[in-house]
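Okay, structure first, notes after.
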Amino acid sequence: MKSTKPFLLFFSAVITLSSCTAISQKKANQSSLKDAYKNDFYIGTALDINQIEEKDAKTTQLIAKEFNAITAENIMKSMFVHPEKNKFDFETADKFIAFGKKHKMFIHGHTLIWHSQLPKWFSEIKDSAEMNAALENHITTIVKKYKGKVDSWDVVNEAVNDDGTLRKSVFFKALGEDFIAKSFQLAAATDPKVDLYYNDYSMENPTKRAGVIRMVKKIQEKGIKIDGIGMQSHWHLNSPTIEEIEESILEYAKLGVKIAITELDVSVLPSPYGMQGAEVSQRFANNEKMNPYPKSLPDSMQVKLAQRYADIFKLFLKHKDKISRVTFWGVNDTQSWLNDFPIKGRTDYPLLFDANLQSKKAYYNVIEAAKK
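Residues -21 to -1, 1 to 351 in mature numbering (1 follows the signal peptide of the UniProt record, and there is no 0) are what the sequence shown lists, from first letter to last.
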C-alpha cells in the first residue's frame, strides 16, 4: 500500500496557504484604502449624480468607508453649472459639497475651464473682449460660491496637445495662450487659500510633458499662483511603464508644485490602433476582439490587474512626499466611463470594486502595498 503521507502533507500545505490568503484578505477587508494610506496621501473617488444623491445606501457606505476625498465626475463642468450666459445652476453641485462635508472629505472641484462639455453660448464666443468677460464671470462666480468649501480646483483642463503644443480651443482662439494664466489669476484672486491645479491626460508622454512644463513655467514667471499638476492617469496593463510614470512625477515635481493622481483607472481591454490617452472626442467601432470579456474578467486577468495596481501604488509610496492625492475615476467597474470609451458598449474592469461593490484582488494588493 502506498503511503498517503506525501499527499496529506501537500493537502495540509494547500489548506494552510488558502487559510493564510483568506486571513490576509479578511485583515485587508477590516482596513480601508483611506486608513491604509492615511499618513501618505488622500485616497479619492469620482462621484456620479446617483452617488452624490445617495440613491443606494450600500454604495454610500462603501464610499464613506474607503475614501477621504471626492471629485464630481461631471456635474461641476460648465454645461451643468453655467448652462446659460446669465444663469448659473448650483443645485446639484451644492449636493456634492454637502456630501463631502457630511462625510468629512477633501473636496476637489472639477473643472473650471475645459474645451469639452461647454454650454452652447460659451462655445460660440469669438470676440476677445466677450471671452474675457465670460471667463472672469464664470471663474469668479463659481470659486466665490464655494470659497472655503472646495479644497482644490482643476482650473484648466486638457489645454495641451500630445505634441506639446497648445490646443486650439475656443478659449485659445479668442484670447491666445494668455487664457491659461488669466484663469489661474482669477481663481487665485477670488480664493487665495484654495489649491489650484492644471489637469491633463497622457502626462507621461515626454513630448506632452515638455509642453506642460513650458506652460507652467510661463505662469510661474508671471508670479501667478499654481499649486499643482494633475496627472489623470488613465492607464493600461502594460503602459505607460512604471519608469515612464516615475520620470514624469520627478520632472513635474521639479517645478515646485504638488502632484495629484486625479482620474486613476487601469483598462484591461485592447486599445484600438494603439490609442493612448483620453481624448473624449475619439470613438471606434465595437467588435468581439475589442470586447473580449463581456460577462466577467478571467482569474488570469484579475491577477495581472492586481499586480499592475500593486506596482503603481508602490511607486506612489516611493514618492509620497510629492503626491498630494490619488483619486480613482469611479467607485466600481459598472460606473467606469471606459465601458463607453473609446468604444461604446464594451465591458471594462478598471477599478478596485466590481459590479456588485465587492473588493477585487487588485483592492487587496493596494492595501498590502501600504503595509510593506
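Don't be surprised by glycine CBs; every beta carbon is placed ideally from N, CA and C.
query, result
"Inter-residue spacing [alpha-carbon to alpha-carbon] between S95 and L114", "15 Å"
"Unbroken beta strand (DSSP E) run spanning S102, endpoints", "S102 -> not in any beta strand (DSSP E); alpha helix (DSSP H) instead, spanning K99 to S102."
"Meets three-Cβ-pair contact criterion under 8 Å: the segment 164 to 182 and the segment 196 to 216", "yes"
"Alpha-carbon to alpha-carbon, D27 and T39", "12 Å"
"Short Cβ contact (7 Å threshold) for S246 with P329", "yes"
"From S275, P185, Q286 and K301, residue whose alpha carbon lies closest to that of L216", "Q286"
"Three-way DSSP call (helix, strand, coil) for K204 in this model", "coil"
"Contact between the segment 87 to 107 and the segment 125 to 145 (3+ Cβ pairs under 8 Å)", "yes"
"Residues bridged to D133 (per DSSP)", "Y176"
"For R287, the first and last residue of its enclosing alpha helix (DSSP H)", "D278 to K297"
"Proximity winner among K13, S11 and F20, relative to K299 (alpha-carbon distances)", "F20"
"Alpha-carbon spacing of F295 relative to I302, whole angstroms", "7 Å"
"Own chain, CB closer than 6 Å to T71, minus 5 neighbours either side, in chain order", "I54"
"Three-state secondary structure (DSSP) of A160", "helix"
"K323 classed as buried or exposed, judged by whether at least 16 other C-beta atoms fall within 10 angstroms", "exposed"
"Sequence-distant residues of its chain with Cβ nearer than 8 Å to I349 (five each side left out)", "Here residue 349 turns out to be Ala, not Ile, going by the sequence shown. Cβ within range, chain order: A15, Y16, D19, F292 and L296."
"Cut-off 8 Å between Cβ atoms - residues of its own chain near L97, not counting five sequence neighbours on either side", "S57, M58 and V149"
"Rounded straight-line distance, which links the Cα of F46 to that of F163", "28 Å"
"Coarse secondary structure for V191, derived from DSSP in three states", "helix"
"Three-state secondary structure (DSSP) of W308", "coil"
"Three-state secondary structure assigned by DSSP to Y21", "strand"
"Extent of the continuous beta strand (DSSP E) to which F85 belongs", "F85 to G88"
"Beta carbon of T241 nearer than 7 Å to that of N178", "yes"
"Beta bridge counterpart(s) of D244 as assigned by DSSP", "H213"
"Selection from V282, A239 and T306 that minimises the alpha carbon distance to Y343", "V282"
"Nearest candidate by alpha-carbon position, reference K99, set K34, W316, K66 and V195", "K66"
"Reduced DSSP category for V139 - H, G, I as helix; E, B as strand; rest coil", "strand"
"Nearest neighbour of A51, chosen from V122, D290 and G309 [CA to CA]", "G309"
"Alpha carbon of D327 to alpha carbon of I159, nearest angstrom", "34 Å"
"A7 to K339 span [Cα, whole Å]", "With a pLDDT of 49 at A7, under the threshold of 50, the predicted position of this residue should be treated as unreliable, though the coordinate-derived value follows. In a straight line, the C-alpha of A7 is about 11 Å away from that of K339."
"Three-state class that DSSP yields for residue 354 in the structure shown", "Lying before the first or after the last residue shown, residue 354 is absent from the chain, which here runs from -21 to 351."
"Pairwise C-alpha distance: A108 and T144", "24 Å"
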